[in-house]
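Engineer:
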Amino acid sequence: GPAVAGLILARFGLTWAYGADVVSFAASFATVLAIRPLPPQRDDVSAGTSPWQEIKEGFAYLRGKRVLISTFLIDLDAMVFGMPRALFPVLALTVFRVGPRGLGFLYAAPAAGALVGALTAGWVGRVRHQGRAVIWAVALWGAAITGFGLSGRLFGLALFFLFFAGAADVVSAVFRGAILQLNVPDALRGRLSAVHIMVVTGGPRLGDFEAGGVATLVSPWFSVVSGGVACVLGVLALARVFPELGRYHAETALPRTGSGP
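Residue numbers for the sequence shown follow our numbering, beginning at 514 and rising by one.
#1: Give the DSSP-derived three-state secondary structure of Arg549 in the structure shown.
#2: Determine the extent of the alpha helix (DSSP H) in which Pro733 is found, giving its start and end residues.
#3: Could you tell me the boundaries of the alpha helix (DSSP H) in which Pro597 lies?
#4: Would you give the residue range spanned by the alpha helix (DSSP H) that Glu764 belongs to?
#5: For the alpha helix (DSSP H) containing Trp636, list its first residue and its last residue.
#6: Just to confirm before moving on: does the CB-CB distance between Ala763 and Gln643 stay below 7 Å?
#7: Given Tyr531, which residues of its chain have a CB within under 6 Å of its CB, disregarding the five upstream and five downstream residues?
#8: Can you tell me where the alpha helix (DSSP H) with Lys569 in it begins and where it stops?
#9: Taking DSSP as the reference, what is the three-state secondary structure of Val536?
#10: Could you check where the alpha helix (DSSP H) with Leu705 kicks off and where it finishes?
#11: Shortest alpha-carbon distance to Val776 belongs to which of Arg576, Ala624, Pro733?
#12: Determine the direct distance from the alpha carbon of Ala680 to that of Gly626, and round the result to whole angstroms.
#13: Which residues mark the beginning and the end of the alpha helix (DSSP H) in which Arg689 is found?
#14: Would you tell me roughly how many angstroms separate the C-alpha atoms of Ala656 and Trp649, rounded to the nearest one?
#15: Between Pro623 and the ligand SAM, is the CB less than 6 Å from at least one heavy atom?
#16: How is the alpha helix (DSSP H) around Val611 delimited, first residue to last?
#17: Alpha carbons only, please: which of Glu570, Ser736, Arg576, Lys578 is nearest the one belonging to Thr659?
#18: Please state whether DSSP places Arg641 in a helix, a strand or coil.
Okay, here's the thing in C-alpha coordinates:
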(Lines of atoms letter the chains of each structure in order from A and count residues from 1; the text may use other names and numbers.)
(Lines give C-alpha, C1' and ligand atoms only; values in the text may rest on other atoms or scores of the structure.)
Protein backbone atom coordinates (compact mmCIF):
# COMPACT_ATOMS: atom_id res chain seq x y z
CA GLY A 1 0.00 0.00 0.00
CA PRO A 2 2.54 2.69 0.98
CA ALA A 3 4.83 1.79 -1.92
CA VAL A 4 1.93 2.03 -4.37
CA ALA A 5 0.99 5.40 -2.87
CA GLY A 6 4.52 6.61 -3.47
CA LEU A 7 4.37 5.54 -7.10
CA ILE A 8 1.00 7.26 -7.59
CA LEU A 9 2.34 10.43 -5.97
CA ALA A 10 5.36 10.46 -8.23
CA ARG A 11 3.39 9.79 -11.41
CA PHE A 12 -0.03 11.42 -10.93
CA GLY A 13 0.15 13.66 -7.87
CA LEU A 14 -1.54 14.00 -4.49
CA THR A 15 -5.15 14.16 -5.74
CA TRP A 16 -4.96 10.75 -7.40
CA ALA A 17 -3.29 9.24 -4.33
CA TYR A 18 -6.12 10.38 -2.08
CA GLY A 19 -8.66 9.27 -4.67
CA ALA A 20 -7.25 5.75 -4.65
CA ASP A 21 -7.36 5.82 -0.86
CA VAL A 22 -11.05 6.77 -0.89
CA VAL A 23 -11.87 3.92 -3.29
CA SER A 24 -10.05 1.36 -1.15
CA PHE A 25 -11.79 2.54 2.02
CA ALA A 26 -15.16 2.45 0.25
CA ALA A 27 -14.56 -1.21 -0.58
CA SER A 28 -13.67 -1.92 3.05
CA PHE A 29 -16.77 -0.07 4.26
CA ALA A 30 -18.99 -2.08 1.91
CA THR A 31 -17.48 -5.30 3.23
CA VAL A 32 -18.21 -4.28 6.83
CA LEU A 33 -21.84 -3.53 5.94
CA ALA A 34 -22.15 -7.05 4.50
CA ILE A 35 -21.28 -8.67 7.84
CA ARG A 36 -24.38 -10.02 9.58
CA PRO A 37 -25.18 -8.68 13.07
CA LEU A 38 -23.45 -10.51 15.91
CA PRO A 39 -25.17 -9.48 19.17
CA PRO A 40 -23.21 -10.29 22.33
CA GLN A 41 -24.33 -13.24 24.40
CA ARG A 42 -24.90 -12.06 27.96
CA ASP A 43 -24.81 -14.52 30.83
CA ASP A 44 -26.98 -14.37 33.94
CA VAL A 45 -24.20 -12.77 35.98
CA SER A 46 -23.67 -9.77 33.70
CA ALA A 47 -27.35 -9.29 32.83
CA GLY A 48 -28.60 -6.02 34.28
CA THR A 49 -25.12 -4.65 34.97
CA SER A 50 -24.53 -1.10 33.77
CA PRO A 51 -21.88 -0.48 31.07
CA TRP A 52 -19.86 1.67 33.48
CA GLN A 53 -19.83 -1.13 36.04
CA GLU A 54 -18.63 -3.57 33.39
CA ILE A 55 -15.84 -1.18 32.41
CA LYS A 56 -14.81 -0.87 36.06
CA GLU A 57 -14.76 -4.66 36.35
CA GLY A 58 -12.43 -4.85 33.37
CA PHE A 59 -9.96 -2.36 34.83
CA ALA A 60 -10.22 -4.01 38.25
CA TYR A 61 -9.19 -7.31 36.69
CA LEU A 62 -6.35 -5.62 34.81
CA ARG A 63 -4.97 -4.08 38.03
CA GLY A 64 -4.37 -7.54 39.39
CA LYS A 65 -2.59 -8.83 36.26
CA ARG A 66 0.89 -7.36 36.16
CA VAL A 67 1.83 -9.52 33.18
CA LEU A 68 -0.92 -7.93 31.10
CA ILE A 69 -0.01 -4.44 32.30
CA SER A 70 3.61 -5.05 31.29
CA THR A 71 2.61 -6.10 27.76
CA PHE A 72 0.62 -2.87 27.33
CA LEU A 73 3.45 -0.73 28.70
CA ILE A 74 6.16 -2.39 26.62
CA ASP A 75 4.12 -1.78 23.47
CA LEU A 76 3.65 1.87 24.44
CA ASP A 77 7.41 2.09 24.99
CA ALA A 78 8.06 0.82 21.47
CA MET A 79 5.47 3.02 19.79
CA VAL A 80 6.05 6.26 21.71
CA PHE A 81 9.85 6.27 21.56
CA GLY A 82 10.61 4.04 18.58
CA MET A 83 8.02 5.07 15.98
CA PRO A 84 9.61 7.56 13.52
CA ARG A 85 6.88 7.42 10.82
CA ALA A 86 6.07 11.12 11.24
CA LEU A 87 9.64 11.93 10.17
CA PHE A 88 9.65 9.86 6.98
CA PRO A 89 8.68 12.78 4.69
CA VAL A 90 11.41 15.10 5.99
CA LEU A 91 13.97 12.27 5.94
CA ALA A 92 13.05 11.36 2.37
CA LEU A 93 13.37 15.01 1.33
CA THR A 94 16.44 16.23 3.23
CA VAL A 95 18.48 13.14 4.11
CA PHE A 96 17.92 10.42 1.53
CA ARG A 97 16.72 12.76 -1.25
CA VAL A 98 14.58 10.01 -2.78
CA GLY A 99 11.37 11.90 -3.55
CA PRO A 100 7.78 10.59 -3.30
CA ARG A 101 8.64 7.13 -4.64
CA GLY A 102 11.36 6.65 -2.03
CA LEU A 103 8.99 7.94 0.64
CA GLY A 104 6.60 5.19 -0.34
CA PHE A 105 9.35 2.62 0.16
CA LEU A 106 10.09 4.04 3.62
CA TYR A 107 6.47 3.52 4.57
CA ALA A 108 6.35 0.09 2.92
CA ALA A 109 9.53 -1.38 4.44
CA PRO A 110 8.15 -2.01 7.97
CA ALA A 111 4.93 -3.40 6.50
CA ALA A 112 6.90 -5.73 4.23
CA GLY A 113 8.94 -6.91 7.20
CA ALA A 114 5.77 -7.52 9.19
CA LEU A 115 4.27 -9.49 6.30
CA VAL A 116 7.32 -11.70 5.93
CA GLY A 117 7.51 -12.11 9.71
CA ALA A 118 3.87 -13.20 9.84
CA LEU A 119 4.24 -15.63 6.94
CA THR A 120 7.26 -17.28 8.57
CA ALA A 121 5.90 -17.26 12.13
CA GLY A 122 5.20 -20.97 12.37
CA TRP A 123 8.00 -21.31 14.89
CA VAL A 124 6.30 -19.11 17.47
CA GLY A 125 3.98 -21.93 18.49
CA ARG A 126 6.96 -23.80 19.90
CA VAL A 127 8.02 -20.90 22.13
CA ARG A 128 6.85 -21.41 25.70
CA HIS A 129 8.65 -18.50 27.39
CA GLN A 130 6.46 -15.97 25.61
CA GLY A 131 7.29 -13.11 27.98
CA ARG A 132 10.99 -13.32 27.18
CA ALA A 133 10.11 -13.40 23.49
CA VAL A 134 8.19 -10.12 23.87
CA ILE A 135 11.14 -8.51 25.65
CA TRP A 136 13.60 -9.59 22.96
CA ALA A 137 11.31 -8.63 20.08
CA VAL A 138 10.68 -5.10 21.37
CA ALA A 139 14.39 -4.65 22.16
CA LEU A 140 15.23 -5.69 18.60
CA TRP A 141 12.63 -3.22 17.30
CA GLY A 142 14.36 -0.41 19.21
CA ALA A 143 17.80 -1.54 18.01
CA ALA A 144 16.59 -1.64 14.40
CA ILE A 145 15.14 1.88 14.66
CA THR A 146 18.46 3.05 16.08
CA GLY A 147 20.22 1.43 13.12
CA PHE A 148 17.80 3.17 10.77
CA GLY A 149 18.71 6.50 12.30
CA LEU A 150 22.43 5.75 11.97
CA SER A 151 22.16 4.73 8.30
CA GLY A 152 23.20 8.18 7.13
CA ARG A 153 22.37 8.59 3.45
CA LEU A 154 22.50 4.84 2.73
CA PHE A 155 18.91 4.38 1.62
CA GLY A 156 19.16 0.62 1.08
CA LEU A 157 20.57 0.09 4.56
CA ALA A 158 17.82 2.25 6.03
CA LEU A 159 15.18 0.13 4.30
CA PHE A 160 16.81 -3.04 5.65
CA PHE A 161 16.61 -1.77 9.23
CA LEU A 162 12.97 -0.75 8.77
CA PHE A 163 12.20 -4.16 7.28
CA PHE A 164 13.85 -5.86 10.26
CA ALA A 165 11.94 -3.59 12.65
CA GLY A 166 8.64 -4.58 11.05
CA ALA A 167 9.46 -8.28 11.42
CA ALA A 168 10.35 -7.80 15.09
CA ASP A 169 7.14 -5.85 15.65
CA VAL A 170 4.89 -8.58 14.29
CA VAL A 171 6.63 -11.19 16.46
CA SER A 172 6.03 -8.98 19.49
CA ALA A 173 2.39 -8.53 18.48
CA VAL A 174 1.84 -12.29 18.13
CA PHE A 175 3.20 -13.06 21.58
CA ARG A 176 1.48 -10.11 23.27
CA GLY A 177 -1.79 -11.16 21.68
CA ALA A 178 -1.31 -14.73 22.87
CA ILE A 179 -0.60 -13.60 26.42
CA LEU A 180 -3.74 -11.45 26.39
CA GLN A 181 -5.98 -14.19 25.04
CA LEU A 182 -4.65 -16.84 27.41
CA ASN A 183 -4.85 -14.75 30.58
CA VAL A 184 -8.29 -13.19 30.32
CA PRO A 185 -11.51 -15.12 31.01
CA ASP A 186 -14.14 -15.19 28.30
CA ALA A 187 -16.45 -12.81 30.16
CA LEU A 188 -13.81 -10.06 30.22
CA ARG A 189 -12.00 -10.68 26.95
CA GLY A 190 -13.87 -8.00 25.02
CA ARG A 191 -13.16 -5.34 27.64
CA LEU A 192 -9.47 -6.15 27.90
CA SER A 193 -9.19 -6.37 24.11
CA ALA A 194 -10.58 -2.82 24.00
CA VAL A 195 -7.73 -1.66 26.23
CA HIS A 196 -5.33 -3.46 23.90
CA ILE A 197 -6.80 -1.65 20.89
CA MET A 198 -6.46 1.72 22.65
CA VAL A 199 -2.78 1.00 23.23
CA VAL A 200 -1.94 -0.18 19.71
CA THR A 201 -3.84 2.68 18.04
CA GLY A 202 -3.00 5.49 20.45
CA GLY A 203 0.66 4.62 20.99
CA PRO A 204 1.81 5.40 17.43
CA ARG A 205 0.03 8.77 17.49
CA LEU A 206 1.83 9.67 20.72
CA GLY A 207 4.99 8.51 18.98
CA ASP A 208 4.33 10.92 16.11
CA PHE A 209 4.07 13.75 18.63
CA GLU A 210 7.28 12.70 20.40
CA ALA A 211 9.23 12.25 17.17
CA GLY A 212 8.10 15.58 15.75
CA GLY A 213 8.76 17.43 18.99
CA VAL A 214 12.30 16.13 19.39
CA ALA A 215 13.01 16.72 15.70
CA THR A 216 11.87 20.33 16.07
CA LEU A 217 13.97 20.92 19.16
CA VAL A 218 17.12 19.15 17.91
CA SER A 219 17.04 17.39 14.52
CA PRO A 220 15.21 14.56 12.73
CA TRP A 221 18.32 12.37 12.88
CA PHE A 222 18.63 12.86 16.64
CA SER A 223 14.93 12.17 17.11
CA VAL A 224 15.16 8.77 15.39
CA VAL A 225 18.37 7.64 17.10
CA SER A 226 17.41 8.85 20.57
CA GLY A 227 13.98 7.30 20.20
CA GLY A 228 15.44 3.90 19.34
CA VAL A 229 17.87 4.06 22.25
CA ALA A 230 15.09 5.18 24.61
CA CYS A 231 12.99 2.24 23.46
CA VAL A 232 15.74 -0.26 24.31
CA LEU A 233 16.36 1.39 27.69
CA GLY A 234 12.63 1.34 28.35
CA VAL A 235 12.52 -2.39 27.64
CA LEU A 236 15.32 -2.99 30.15
CA ALA A 237 13.55 -0.86 32.76
CA LEU A 238 10.20 -2.59 32.27
CA ALA A 239 11.82 -6.02 32.42
CA ARG A 240 13.24 -5.05 35.80
CA VAL A 241 10.08 -3.45 37.17
CA PHE A 242 7.89 -6.29 35.89
CA PRO A 243 9.93 -9.48 36.38
CA GLU A 244 6.68 -11.41 35.91
CA LEU A 245 6.93 -10.77 32.18
CA GLY A 246 10.34 -12.37 31.86
CA ARG A 247 9.21 -15.33 33.95
CA TYR A 248 5.93 -15.78 32.09
CA HIS A 249 5.45 -19.25 30.62
CA ALA A 250 2.59 -20.34 28.40
CA GLU A 251 1.76 -23.16 30.81
CA THR A 252 0.88 -20.62 33.53
CA ALA A 253 -2.06 -19.23 31.56
CA LEU A 254 -5.65 -19.47 32.75
CA PRO A 255 -7.42 -22.78 32.18
CA ARG A 256 -9.78 -22.55 29.23
CA THR A 257 -13.28 -22.08 30.60
CA GLY A 258 -16.35 -20.30 29.36
CA SER A 259 -17.07 -18.42 32.57
CA GLY A 260 -15.67 -15.36 34.23
CA PRO A 261 -13.27 -15.24 37.20
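All residues carry an ideal CB built from backbone N, CA and C; glycine is no exception.
Structural biologist: Short version:
#1: Here the question's residue 549 lines up with position 36 in the sequence shown. Annotated three-state conformation of Arg549 is coil, per DSSP.
#2: On the sequence shown, position 220 is the one that residue 733 refers to. Its alpha helix (DSSP H) spans residues 733-754.
#3: Your numbering for residue 597 matches position 84 in the sequence shown. Going by DSSP, Pro597 is part of no alpha helix (DSSP H) at all; its letter is neither H nor E.
#4: Working through the sequence shown from its first residue, we reach residue 764 at position 251. From DSSP, Glu764 is part of no alpha helix (DSSP H); its letter is neither H nor E.
#5: By one-based count along the sequence shown, residue 636 stands at place 123. Careful: Trp636 lies outside any alpha helix (DSSP H) and carries neither H nor E.
#6: Taking the sequence shown and counting its residues from 1, one reaches residue 763 at position 250. Taking the sequence shown and counting its residues from 1, one reaches residue 643 at position 130. A contact, by the Cβ cut-off of 7 Å.
#7: Numbered from its first residue, the sequence shown carries residue 531 at position 18. Result list for Tyr531: empty, nothing under 6 Å.
#8: Taking the sequence shown and counting its residues from 1, one reaches residue 569 at position 56. From DSSP, the alpha helix (DSSP H) with Lys569 extends over 564-576.
#9: Residue numbering aside, residue 536 sits at position 23 when the sequence shown is read from its first letter. For Val536, the three-state secondary structure derived from DSSP is helix.
#10: Locating residue 705 in the sequence shown gives position 192, counting from the first residue. 699-730 is the span of the alpha helix (DSSP H), which, as asked, contains Leu705.
#11: It is not possible to answer for residue 776, since the shown part of the chain is limited to 514 through 774.
#12: Indexing the sequence shown from 1 puts residue 626 at position 113. Indexing the sequence shown from 1 puts residue 680 at position 167. Distance from the CA of Gly626 to the CA of Ala680, rounded to the nearest whole angstrom, comes to 4 Å.
#13: In the sequence shown, the residue the question calls residue 689 occupies position 176. Run containing Arg689: 668-695, per the alpha helix (DSSP H) assignment.
#14: Against the sequence shown, residue 656 aligns to sequence position 143. Against the sequence shown, residue 649 aligns to sequence position 136. The straight-line gap from Cα to Cα measures roughly 10 Å.
#15: Judged by which ligands are present, the structure shown has none, so any question about the ligand SAM falls away.
#16: Your numbering for residue 611 matches position 98 in the sequence shown. Premise fails: Val611 is in no alpha helix (DSSP H) and is neither H nor E.
#17: For the purposes of this step, residue 659 is taken as the residue at position 146 of the sequence shown. Of Glu570, Ser736, Arg576, Lys578, the residue nearest in Cα terms is Ser736.
#18: Here the question's residue 641 lines up with position 128 in the sequence shown. The answer is coil: DSSP assigns Arg641 none of H, G, I, E or B.
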